[in-house]
Amino acid sequence: MDKVIESSEIRKLFKNGDQILTGGFGLSGTPLTIIDELLETDIKDLTVVSNNLGDLGQGLHKLFMQGKIKKAIGSFFSINREAVIAWSKGELEIDLLPQGTLAEAIRCGGAGIGGFYTKTAVGTELAEGKEERVIDGERYIFEKAIKGDVAIIKAAKADRLGNLVYHTTARNFNPMMATAGNIVIAEVDEIVEVGELDPEYIVTPHAYVDYVIQSKYSKVGSEYVESR
Amino acid sequence: MDKVIESSEIRKLFKNGDQILTGGFGLSGTPLTIIDELLETDIKDLTVVSNNLGDLGQGLHKLFMQGKIKKAIGSFFSINREAVIAWSKGELEIDLLPQGTLAEAIRCGGAGIGGFYTKTAVGTELAEGKEERVIDGERYIFEKAIKGDVAIIKAAKADRLGNLVYHTTARNFNPMMATAGNIVIAEVDEIVEVGELDPEYIVTPHAYVDYVIQSKYSKVGSEYVESR
Amino acid sequence: MLSQDKRLVIAKRIAEELKEGQIVNLGIGIPTLVSEYLDDKEVFLQTENGLLGMGPPPTEENLDIELINAGKEPVTYLKSASFFNSADSFGLIRGGHVDVAVLGILQVDIKGEIANWAVPDQPILGVGGAMDLVTGAKKVIVAATLFAKDGTSKLVKELTYKTSGIRKVDLFVSDYAVFTFTDEGVKVLEMMEDITLDELSKKVGFNLEYAAEFNSSK
Amino acid sequence: MLSQDKRLVIAKRIAEELKEGQIVNLGIGIPTLVSEYLDDKEVFLQTENGLLGMGPPPTEENLDIELINAGKEPVTYLKSASFFNSADSFGLIRGGHVDVAVLGILQVDIKGEIANWAVPDQPILGVGGAMDLVTGAKKVIVAATLFAKDGTSKLVKELTYKTSGIRKVDLFVSDYAVFTFTDEGVKVLEMMEDITLDELSKKVGFNLEYAAEFNSSK
Numbered sequence: 001m002d003k004v005i006e007s008s009e010i011r012k013l014f015k016n017g018d019q020i021l022t023g024g025f026g027l028s029g030t031p032l033t034i035i036d037e038l039l040e041t042d043i044k045d046l047t048v049v050s051n052n053l054g055d056l057g058q059g060l061h062k063l064f065m066q067g068k069i070k071k072a073i074g075s076f077f078s079i080n081r082e083a084v085i086a087w088s089k090g091e092l093e094i095d096l097l098p099q100g101t102l103a104e105a106i107r108c109g110g111a112g113i114g115g116f117y118t119k120t121a122v123g124t125e126l127a128e129g130k131e132e133r134v135i136d137g138e139r140y141i142f143e144k145a146i147k148g149d150v151a152i153i154k155a156a157k158a159d160r161l162g163n164l165v166y167h168t169t170a171r172n173f174n175p176m177m178a179t180a181g182n183i184v185i186a187e188v189d190e191i192v193e194v195g196e197l198d199p200e201y202i203v204t205p206h207a208y209v210d211y212v213i214q215s216k217y218s219k220v221g222s223e224y225v226e227s228r
Numbered sequence: 001m002d003k004v005i006e007s008s009e010i011r012k013l014f015k016n017g018d019q020i021l022t023g024g025f026g027l028s029g030t031p032l033t034i035i036d037e038l039l040e041t042d043i044k045d046l047t048v049v050s051n052n053l054g055d056l057g058q059g060l061h062k063l064f065m066q067g068k069i070k071k072a073i074g075s076f077f078s079i080n081r082e083a084v085i086a087w088s089k090g091e092l093e094i095d096l097l098p099q100g101t102l103a104e105a106i107r108c109g110g111a112g113i114g115g116f117y118t119k120t121a122v123g124t125e126l127a128e129g130k131e132e133r134v135i136d137g138e139r140y141i142f143e144k145a146i147k148g149d150v151a152i153i154k155a156a157k158a159d160r161l162g163n164l165v166y167h168t169t170a171r172n173f174n175p176m177m178a179t180a181g182n183i184v185i186a187e188v189d190e191i192v193e194v195g196e197l198d199p200e201y202i203v204t205p206h207a208y209v210d211y212v213i214q215s216k217y218s219k220v221g222s223e224y225v226e227s228r
Numbered sequence: 001m002l003s004q005d006k007r008l009v010i011a012k013r014i015a016e017e018l019k020e021g022q023i024v025n026l027g028i029g030i031p032t033l034v035s036e037y038l039d040d041k042e043v044f045l046q047t048e049n050g051l052l053g054m055g056p057p058p059t060e061e062n063l064d065i066e067l068i069n070a071g072k073e074p075v076t077y078l079k080s081a082s083f084f085n086s087a088d089s090f091g092l093i094r095g096g097h098v099d100v101a102v103l104g105i106l107q108v109d110i111k112g113e114i115a116n117w118a119v120p121d122q123p124i125l126g127v128g129g130a131m132d133l134v135t136g137a138k139k140v141i142v143a144a145t146l147f148a149k150d151g152t153s154k155l156v157k158e159l160t161y162k163t164s165g166i167r168k169v170d171l172f173v174s175d176y177a178v179f180t181f182t183d184e185g186v187k188v189l190e191m192m193e194d195i196t197l198d199e200l201s202k203k204v205g206f207n208l209e210y211a212a213e214f215n216s217s218k
Numbered sequence: 001m002l003s004q005d006k007r008l009v010i011a012k013r014i015a016e017e018l019k020e021g022q023i024v025n026l027g028i029g030i031p032t033l034v035s036e037y038l039d040d041k042e043v044f045l046q047t048e049n050g051l052l053g054m055g056p057p058p059t060e061e062n063l064d065i066e067l068i069n070a071g072k073e074p075v076t077y078l079k080s081a082s083f084f085n086s087a088d089s090f091g092l093i094r095g096g097h098v099d100v101a102v103l104g105i106l107q108v109d110i111k112g113e114i115a116n117w118a119v120p121d122q123p124i125l126g127v128g129g130a131m132d133l134v135t136g137a138k139k140v141i142v143a144a145t146l147f148a149k150d151g152t153s154k155l156v157k158e159l160t161y162k163t164s165g166i167r168k169v170d171l172f173v174s175d176y177a178v179f180t181f182t183d184e185g186v187k188v189l190e191m192m193e194d195i196t197l198d199e200l201s202k203k204v205g206f207n208l209e210y211a212a213e214f215n216s217s218k
């Protein structure tokens with residue numbers, strides 16, 4: 001088995017209206033090459049689940065600017081000025097969740113858990129319309145699990161079967177996104193042979209990963225540069 | 001900071017009626033030295049949360065035979081003949097949970113999640129008396145999070161701060177137990193200096209661990225032997 | 001056939017059902033035997049205590065008693081393997097990431113609901129991962145001899161033992177026949193013995209039908 | 001004082017509040033400055049994007065833009081560090097394993113409830129980890145100048161900005177005074193400026209009281 005494919009081959013894996021789970025925090029751990037491939041398609045009306053909508057005009061920001069995103073579910077969109085304006089005009093739907101709630105909801109989506117009760121956001125505007133429940137004397141709100149049609153993630157290394165390891169804080173949302181997508185595409189800096197990754201240290205087992213592509217981006221100083 | 005203490009010092013950390021979270025599956029990953037120390041105390045009326053109650057007359061089995069366990073919460077007690085008899089006589093309370101539900105409930109306990117909805121056990125005897133809820137057309141039952149007064153766990157290596165890594169399937173319930181105990185004691189095969197464990201591969205961060213002790217057991221062939 | 005032979009025939013037939021690249025969980029008993037008939041087919045065995053990529057039992061030399069399967073037997077691991085904690089392991093199972101679970105049963109009813117954890121008239125103090133596997137695996141194959149030691153059929157109109165969950169299984173491979181379960185209930189897919197449908201119906205105590213895709217050559 | 005001086009005074013005072021060995025999460029703004037005043041005190045900085053054991057900003061040479069804090073600034077990591085995913089990171093926070101969270105605020109009311117995520121009259125499209133930290137940290141210290149740029153007090157009788165949660169904070173370190181919050185509400189613990197209780201009360205617009213443990217020597 002070999003899950004490594006050419007990046008252009010992934011374009012056919014998406015369809016209009018898909019809910020796309022996207023790893024990354026800021027640009028760290030964002031699958032920039034996969035997003036570039038999406039830009040080459042005529043897919044539209046996407047719902048994107050991601051902590052933020054790109055940063056510095058890169059990543060999901062480009063997808064948004066191309067008008068492909070109908071709705072965003074995440075925790076921090078304030079710095080994306082264009083998204084804020086689109087939302088104000090009613091051109092972009094936004095579901096705002098606390099960051100921990102977002103992470104947990106995706107984990108549940110991948111783990112066969114239908115929903116959960118969290119203390120976070122109780123009594124705030126973000127709890128409005130959500131069921132509240134007292135458990136052992138403490139107030140909690142109900143949150144539903146989140147799943148996606150396609151999960152696009154970024155890891156440091158993959159073996160050809162799709163086992164993944166991550167690099168420092170570029171891990172962030174990626175391992176959860178990998179569990180909750182119907183189709184899972186991993187973009188990686190390096191592809192190695194099966195057996196080169198230590199079984200004790202694999203973070204995402206290959207069972208979760210459908211396709212692996214080589215990233216075209218490298219870190220050069222303070223930028224991610226398309227270099228391949 | 002140095003969290004390493006002599007094993008006998010842990011005796012004072014327990015009190016009558018404590019709920020003790022115990023790592024291990026069978027005897028793999030069971031904190032045998034910590035359990036031996038508990039045997040030296042006059043602590044009683046314990047509730048033990050553990051997948052099983054020891055195996056082959058070792059581990060929690062010894063604690064049970066000493067009459068210290070009032071209640072057990074876990075997934076598989078059938079092979080512990082004495083426990084089954086005690087339960088039949090009404091001398092031992094048992095809460096039986098599916099193994100995945102047990103693991104998830106403890107994870108929730110450590111993560112500030114009050115409870116969750118699982119598909120497992122819907123329509124079975126183990127769902128009796130539990131709230132059922134339909135989410136997106138599928139049936140789920142509610143399970144409450146589980147926490148403990150003390151968590152006793154077994155890892156392969158600890159650094160002096162309490163960062164932990166595990167060995168193969170001896171990992172099992174230990175990482176979750178570590179998050180859900182008020183006091184957390186880790187028994188390890190090897191103690192190393194801070195900096196010797198790779199930050200990418202630490203499974204349990206030191207924030208969860210209060211005390212570290214050196215295990216007195218070694219694996220000799222098909223047995224765990226007290227050797228130190 | 002001798003009892004062990006029957007078990008091996010069942011295991012072998014189930015091995016044929018598995019596909020290259022699948023993630024498979026094998027329960028205790030007959031299901032464990034399936035791994036001996038995989039030949040060159042690369043399937044990845046998951047064990048719910050935290051390992052994907054389980055290998056064969058160890059030799060005496062490379063025995064490591066911390067490295068075990070869900071039946072608490074020593075195992076080895078393959079080079080593609082990964083280890084994880086119990087919560088993540090059941091996330092894999094319950095979340096639908098295990099392609100096939102092969103499970104032993106006490107009973108299966110004509111709709112495909114199974115009982116495989118609680119023996120009647122005995123204290124019920126063990127469930128393990130049985131219910132999670134029934135609920136979560138993409139496909140569930142059950143492996144059992146068709147008749148219990150006392151001669152009663154394990155295929156029943158209605159479960160008399162306690163159910164393992166509302167999820168219906170896909171296939172029941174027994175020593176007499178392979179049964180499929182669809183919305184219309186149980187059908188005979190293949191005969192494993194030289195026996196007619198009538199004879200089999202008499203043995204189980206109710207009328208059975210062939211599946212549309214019944215394979216008489218088997 | 002100049003604005004930056006005030007910020008440093010607040011950060012330094014908060015650093016005194018932290019204890020050897022604590023797990024601490026520092027928010028963006030003044031809280032980030034706290035790390036500069038820790039001297040030899042070993043506290044372990046957690047950043048919610050997945051790192052415990054955050055070190056100082058990198059030099060140009062060891063810059064790694066994938067290694068960032070929650071404010072998306074490049075950081076380094078210490079040898080005791082560990083990395084984890086976002087779900088586990090918020091498990092650490094929400095589960096009560098962070099000893100102290102130091103947070104910026106827009107307002108804090110006299111009971112200790114804070115508003116620190118939604119600026120009025122602006123679209124509210126960001127919350128990040130603010131609510132998780134307020135809810136989950138064992139102790140919450142807020143760091144802010146006492147008065148906004150328009151001169152209004154951030155310590156208010158009732159929040160007019162949107163609340164970050166029902167959890168009351170423990171301490172508010174401002175440029176004028178340190179406030180504690182108990183069941184009886186806000187009390188003045190220390191003066192940070194040469195100012196009387198009356199003068200301070202007038203400035204915030206309501207009567208303040210000393211805490212029982214008021215320290216006049218500070």
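Protein chains in written order, with UniProt numbering: chain A, 1 to 228; chain B, 1 to 228; chain C, 1 to 218; chain D, 1 to 218.
Glycine included, C-beta positions come from ideal geometry on N, C-alpha and C.
Every value quoted in this text rests on a predicted model; they were computed, and no experiment measured them.
Where residue i meets chain A, residues with beta-carbon distance less than 9 Å
i, result
"A148/C", "Near A148/C there are no residues of chain A at all, since even the closest Cβ is about 32 Å away, more than 9 Å."
"R94/C", "A111, G112, I113"
"N85/D", "A103, R107, Y166, R171, N172, F173, N174, P175, M176, V203"
Where residue i sits in the DSSP three-state scheme
i, result
"P123/C", "coil"
"L189/C", "strand"
"A180/A", "helix"
"F77/A", "coil"
"V169/D", "coil"
"D95/A", "strand"
"I28/C", "coil"
Exposure label - residue i; buried when at least 16 CB within 10 Å
i, result
"A143/D", "buried"
"E82/A", "exposed"
"E104/B", "buried"
"A170/B", "buried"
"K41/D", "exposed"
Neighbour list for residue i in chain B, Cβ cutoff strictly below 7 Å
i, result
"N49/C", "F25, T169, N172"
"I23/D", "A207"
"Y224/A", "The premise fails here: Y224/A is roughly 21 Å from chain B at the closest Cβ pair, so nothing lies under 7 Å."
"V140/C", "None at all; the shortest Cβ gap to chain B is about 13 Å."
Which listed residue (the options) has its alpha carbon closest to that of residue i
i, options, result
"E193/D", "S174/D, L133/D, I166/D", "S174/D"
"V98/D", "I106/B, A111/B, L21/B", "A111/B"
"A151/A", "N163/A, V184/A, F173/A", "V184/A"
"G55/C", "K157/C, L45/C, L159/C", "L45/C"
"G104/C", "S89/C, G185/C, S201/C, L171/C", "L171/C"
"K130/B", "G137/B, F25/B, Y117/B", "Y117/B"
"L52/D", "L63/B, T204/B, E93/B", "T204/B"
6 Å Cβ shell around residue i - same chain, five flanking residues per side excluded
i, result
"M131/D", "S164, G165"
"S89/C", "E48, G50"
Proximal residues of chain D, C-beta to C-beta of residue i below 7 Å
i, result
"T179/B", "G91, G95"
Within chain C, partners of residue i - CB distance below 7 Å
i, result
"I202/A", "S82"
"L39/A", "By Cβ distance, chain C contributes nothing, its closest Cβ being about 30 Å from L39/A, past 7 Å."
"L161/A", "S80"
Own chain, CB closer than 7 Å to residue i, minus 5 neighbours either side, in chain order
i, result
"residue 222/C", "Because chain C is modelled from 1 through 218, residue 222/C falls outside the range shown and cannot be assessed."
Close beta carbons around residue i, own chain, < 8 Å, minus the five adjacent residues each side
i, result
"S215/B", "P31, L32, T33, K154, E187, V188, D189, R228"
Contact list for residue i against chain B, beta-carbon separation under 9 Å
i, result
"K119/A", "G112, I113, G114"
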